[in-house]
Amino acid sequence: MKKLVVTGTILLNKAVNENVKHMVIKAPEIANLAEPGQFVHVKTLHSENFLRRPFSIADVDKNEGTITLIYRIVGKGTSEYSRLKEGEEFSILGPIGNGFKLKEGRPLLVGGGVGIAPLIYLSRLLKNQKPILLIGGKNKDEVFWEEYLKEYADKIYITTDDGSVGFKGFTIQLMPEILKENNIDAIYTCGPNIMMEGVAKLAYEHDIDCQVSLEKRMACGIGVCLGCTFEGKLTKKRRKVCTEGPVFEAKEVF
């Protein structure tokens, strides 16, 4: 998969809530190549941090030549990025990895936390297949994603741990009901591993194709450092999340 190192210009870097920001970057070379589920490795041009940080590509506008990143502020790198202003520049390596393979039929997209980000672009491309979205978070503030997804989804189900909005509980508790009410042909999921493992199990029990997008800490992003590997359940080989993933067939991961 072709990838580039380019300098992008920040067009927007606004707060979504207290800990999450929405960044739009002008990077036409990246936007033209990007596929749903891929990510970029980014760094400010004069960063105090040596390593780049990986971010899922949340959305793409090929006409405008932009990519969107939606990220949570959790450490030095993301804190640094959160202070960037419009017009400042960003070094971007990408697009990296293998994304989702689009399947025919009715899709169900399941996301939790910031893992929902790559499902935005995927939902856009699957819009004509009337995708169903199942999204979860700890509380109402964490399921703001509905605003990004409602344009593309046929139905959106929401779960929150505290019941502040939608179903009180976890996504995998509501998922059996969704599978019963709808004829689902393919499942795509991204979020916490424990959630994706539950999604993968239900997909297996219902004989539905399932793809999972893994989130791993990584240093190089190009398959050299081997810091993001895991042992494939089917292949019994060490798999690199950065270059072979981040999207895998669920049976290979769980």
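Counting from 25, one number per residue, gives the positions in the sequence shown under our numbering.
Backbone N, C-alpha and C define an ideal beta-carbon position, used for all residues, glycine too.
**Study point:** Burial state of Y228, where buried means 16 or more other Cβ atoms lie within 10 Å
**Key:** exposed
Exercise for review: Could you tell me which uninterrupted alpha helix (DSSP H) segments, each at least 4 residues in length, are contained entirely in the region 71-128, listed from first to last along the chain?
Suggested key: 100-106
Check your understanding: Under the rule that 16 or more other beta-carbon atoms within 10 Å means buried, what is I182, buried or exposed?
Key -> buried
Check your understanding: Are Y212 and L146 close, meaning C-beta to C-beta below 8 Å?
Key -> yes
**Study point:** Span of the alpha helix (DSSP H) around R241
**Key:** Counting along the chain, R241 falls outside any alpha helix (DSSP H), and DSSP gives it neither H nor E.
Exercise for review: Quick one: grab the DSSP three-state call for V189.
Suggested key: coil
Review point. So is the beta-carbon of E110 under 7 Å away from any non-hydrogen atom of the ligand GDP?
Key: The model depicted lacks the ligand GDP and carries no ligand whatsoever.
Check your understanding: Can we say the region 71-85 touches the region 227-246, given the rule of at least three CB pairs closer than 8 Å?
Key -> yes
Review point. Under three-state DSSP, which class holds Q235?
Key: strand
Practice item. State the CB to CB distance for the pair F278 and E221, rounded to an integer number of angstroms; the pair is presumed to be in contact (CB under 8 Å). Key: 5 Å
Check your understanding: Given that a residue counts as buried once 16 or more other Cβ atoms are within 10 Å of its Cβ, and exposed if not, what is K264?
Key -> buried
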